[in-house]
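A quick write-up on the structure given underneath.
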Amino acid sequence: MSRSQLFLPLVATIGLSLGAAPAFAQTEAAIEPAALLVIAEVPQDGPQQSIPPQKSTPPAEAVTPRAPSSPATFTYPSQADGFGIKLGGYNTSRWAEDWRGMRNPKKRDDPLDRLKYLPIAGDGLAYVTLSGEIRLREQLVSQPGLSKGPHREEQLLRIFAGADVHVGPLRAYGELAHGGLSGYNIGTPAGKSRNDLFAQQYFVELSGTVLPGVSAGVRYGRQEFTDGAPGLISVKDDNSMHTELNGGRAWVSFAQFRADLFDFKQTTLGLGGSGDDRIDDGTRFSGVTFGVVLANQAKRKIFFDPFFWRERNDMLKWGKTSGVEIRHYYGARLWGSMGKLTFDWLVNHQGGDLAGRPIDAWFLQAAQTYSLSKKGLKPKPGIHFDYGSGGGAYGTGTIRNTRVITAGSIAYSYQLVLGLSNLFQVSPNVTISPSKSLDLTAELQHSLRVDATDAVYRGAGTAYAGTQLVKGAHVGDAARLQATWKVSPRVSVIGRYEYFEPGAVLKAVGSKGSHFLAGWISLRF
Numbered sequence: 011m012s013r014s015q016l017f018l019p020l021v022a023t024i025g026l027s028l029g030a031a032p033a034f035a036q037t038e039a040a041i042e043p044a045a046l047l048v049i050a051e052v053p054q055d056g057p058q059q060s061i062p063p064q065k066s067t068p069p070a071e072a073v074t075p076r077a078p079s080s081p082a083t084f085t086y087p088s089q090a091d092g093f094g095i096k097l098g099g100y101n102t103s104r105w106a107e108d109w110r111g112m113r114n115p116k117k118r119d120d121p122l123d124r125l126k127y128l129p130i131a132g133d134g135l136a137y138v139t140l141s142g143e144i145r146l147r148e149q150l151v152s153q154p155g156l157s158k159g160p161h162r163e164e165q166l167l168r169i170f171a172g173a174d175v176h177v178g179p180l181r182a183y184g185e186l187a188h189g190g191l192s193g194y195n196i197g198t199p200a201g202k203s204r205n206d207l208f209a210q211q212y213f214v215e216l217s218g219t220v221l222p223g224v225s226a227g228v229r230y231g232r233q234e235f236t237d238g239a240p241g242l243i244s245v246k247d248d249n250s251m252h253t254e255l256n257g258g259r260a261w262v263s264f265a266q267f268r269a270d271l272f273d274f275k276q277t278t279l280g281l282g283g284s285g286d287d288r289i290d291d292g293t294r295f296s297g298v299t300f301g302v303v304l305a306n307q308a309k310r311k312i313f314f315d316p317f318f319w320r321e322r323n324d325m326l327k328w329g330k331t332s333g334v335e336i337r338h339y340y341g342a343r344l345w346g347s348m349g350k351l352t353f354d355w356l357v358n359h360q361g362g363d364l365a366g367r368p369i370d371a372w373f374l375q376a377a378q379t380y381s382l383s384k385k386g387l388k389p390k391p392g393i394h395f396d397y398g399s400g401g402g403a404y405g406t407g408t409i410r411n412t413r414v415i416t417a418g419s420i421a422y423s424y425q426l427v428l429g430l431s432n433l434f435q436v437s438p439n440v441t442i443s444p445s446k447s448l449d450l451t452a453e454l455q456h457s458l459r460v461d462a463t464d465a466v467y468r469g470a471g472t473a474y475a476g477t478q479l480v481k482g483a484h485v486g487d488a489a490r491l492q493a494t495w496k497v498s499p500r501v502s503v504i505g506r507y508e509y510f511e512p513g514a515v516l517k518a519v520g521s522k523g524s525h526f527l528a529g530w531i532s533l534r535f
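Here the working numbering is used: the first residue of the sequence shown is 11, the next is one more, and so on.
This is the structure we're talking about:
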């Protein structure tokens, strides 16, 4: 019996106990961020440009997702503050939650609510919040890697628990996680899927109001970081283990402006206890992200986020060139909503060098959805365009391959057969809502290669061998379906299907069409 199967009775028991949950908004992110939005209707985490945002508006009495330790004086709009994906009472990054409303016994509906606010002192300035998640996921791929061979079946288990201690402006947060993996033809497990014990987050923070209308803070330790365009940065919620960074972060915010300065190193995951998860000194990611509020009315919310980043990786490879890469990211994100239109646009230029070869790359994204009606099925058609430059990897001179930092590739393929580098993708989609708790999305994707002299790249960034020698532009086409059922505020069930049909370029190197099917249940408190 697999490890995931052993937990099914536990899930059933917890699911019954979680059915009567407090009136908070939906908790589970349907897909992991890549370019849709977290704005007026508090939509879920996305690709976010791959699938239109789901509506999830918290009721008036819901606890407001937290920013720094003093959200009452934090004047910059919380949905754009860079402190985590907002999902109502629950967030993808659990540290981004504020449960002080639970000190009122009338807000508690069951014993688990009591865990959200455990006072240390009678004045309410010192308290502890406990949180946790269990996720069981089953997925199947008919042709792993688009190669002819046996199918792959995976049962993935995620368990993590956290404690958030507040004493006035001081705060300490810690989170332990476990990832289980079993199945058929799973190959060599990766730390992101199987990890016996992982210190997922641990940091200390000092934050609060420094002047009237001005909030600031500083944080140090291992932490989740999503302050930037989701096509470049995310925690990869699709994995069992979230992506964590190590280092420091400082921020300041006014009513219309904010700035976030950071300096991080990556985390290299092991498979055993927390002792084999280490800080990767061969990487460094630093920079500054700004935010400007252009509009913040009930039916018009527009945000402009310019950014200037630098990333170093001591062991990177493009084509036949490998070595130290230093890449600079200059760009801006314009996103928000205007009436029935939701949009997320990104322009990013990437410079620098790899082993002495100059880098000149571009990353462009444009995602938009339009709400046709608030009645009936509430249809929301949308379309998104994704462009990642390519070229030069298999030659000499300038390298034009786009690279993301911590974002995943779910936006481009559920089964991770495509990455953004050297790719242009257009994806029309539509979402309907047969009920308040059920959202159904259908999407078509058409993928083309940007530079015919460069390879086609997988989601992990590796090239399909030989594609750099094949002429043509057509990479492939995909049909995708997703269903999200909000069983209760604490429980969600999600299903996904994708069929990817290789185009002429991939068929020339023997790639086969592949089906992907996945489903999972998530339980949170």
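C-beta: ideal position from N, C-alpha, C; glycine also.
Given a threshold of 16 other Cβ atoms within 10 Å of its Cβ, counted over all protein chains shown, does Thr379 qualify as buried or as exposed?
buried
Environment of Ala77 [buried if 16+ CB atoms lie within 10 Å]
Because Ala77 carries a pLDDT of 39, less than 50, the predicted location of this residue cannot be relied on, and no value is offered for it.
What are the boundary residues of the alpha helix (DSSP H) that includes Lys517?
Ala514 to Lys517
Would you call the CB atoms of Ala265 and Thr85 closer than 8 Å?
yes
Counting pairs of beta carbons, one from the segment 505-517 and one from the segment 130-148, are three or more of them closer than 8 Å?
no
Per DSSP, what kind of secondary structure is Lys327 in: helix, strand or coil?
strand
Using a Cβ-Cβ cut-off of 7 Å (strictly less than) and excluding sequence neighbours within five positions of Leu344, which residues of its own chain qualify?
Phe314 and Trp355
Hey, could you find the ends of the beta strand (DSSP E) Asp133 is sitting in?
Segment: none, Asp133 is in no beta strand (DSSP E) and carries neither H nor E.
Looking at Gly231 and Phe208, is the spacing between their C-beta atoms short of 8 Å?
no
Over what stretch of residues does the beta strand (DSSP E) that includes Asp287 continue unbroken?
No beta strand (DSSP E) contains Asp287, which DSSP labels as neither H nor E.
For Asn341 and Asn439, I'd like the C-alpha separation in whole angstroms.
In the sequence on display, residue 341 carries Gly and not Asn. In a straight line, the C-alpha of Gly341 is about 27 Å away from that of Asn439.
Along the beta strand (DSSP E) that carries Arg459, what are the first and last residues, could you check?
Leu448 to Arg459
Rounded to a whole number of angstroms, what is the C-alpha to C-alpha distance between Val427 and Gly469?
6 Å
N- and C-terminal bounds of the alpha helix (DSSP H) containing Pro121
Pro121 to Arg124
Restricting to runs no shorter than 3 residues, where is the beta strand (DSSP E) found entirely within the segment 353-395?
367-380
Whose CA, out of Gly401, Ser423 and Ser192, lies closest to the CA of Ile526?
Note that residue 526 is Phe in the sequence shown here, rather than Ile. Of the candidates Gly401, Ser423 and Ser192, the one whose C-alpha sits nearest the C-alpha of Phe526 is Ser423.
C-alpha distance - Lys309 paired with Gly349, whole-angstrom precision
5 Å
Assuming Gly301 and Gly92 make a contact with CB atoms under 8 Å, what is their CB distance in whole Å?
7 Å
Taking one C-beta from the segment 361-381 and one from the segment 395-406 each time, how about it: are there three or more such pairs within less than 8 Å?
yes
Who are the near neighbours of Leu255 in its chain, counting only those whose CB is closer than 6 Å to its CB and skipping five residues on each side?
Phe235 and Phe274
Name the one or two DSSP bridge partners that Asp487 has.
His456 and Glu511
Tell me the rounded alpha-carbon separation between Asp123 and Met112.
7 Å
What do you get for Arg490, buried or exposed, if any count of 16 or more other CB atoms within 10 angstroms of its CB means buried?
buried
May I ask you to verify whether the segment 174-184 touches the segment 199-206, counting CB pairs closer than 8 Å and requiring at least 3?
no
Please confirm whether Ile169 and Ile196 have their CB atoms less than 8 Å apart.
no
Closest to Leu363 by C-alpha separation, out of Pro160, Ile409 and Leu128, would be which residue?
One detail in the question is off: residue 363 reads as Asp in this sequence, not Leu. Measuring from the Cα of Asp363, the nearest candidate turns out to be Ile409.
Would you report the Cα separation of Ser498 and Val245, rounded to the nearest angstrom?
24 Å
Would you give the residue range spanned by the beta strand (DSSP E) that Val224 belongs to?
Val224 to Gln233
Going by DSSP, name the residue or residues bridged to Ala538.
A question about residue 538 goes unanswered here, because the residues of the chain that appear run from 11 up to 535.
Given a cut-off of 8 Å, decide if His456 and Gln478 are closer than it, judged by their beta-carbon atoms.
no
Going by CA-CA distance only, name the one from Leu458, Ile504, Gln153 and Trp530 that's closest to Ala514.
Leu458
Just confirm the distance between the C-beta atoms of Glu453 and Ser431, as a whole number of angstroms; I'd bet it's less than 8 Å.
About 21 Å separates the two Cβ atoms, so there is no contact after all.
Nearest to Arg320 by CA position, among Asp287, Phe272, His161 and Leu281, is which residue?
Phe272
Tell me whether Trp109 sits in a helix, a strand or coil according to DSSP, three-state version.
coil
Determine whether the beta carbon atoms of Ser152 and Ser524 lie at a separation below 8 Å.
yes
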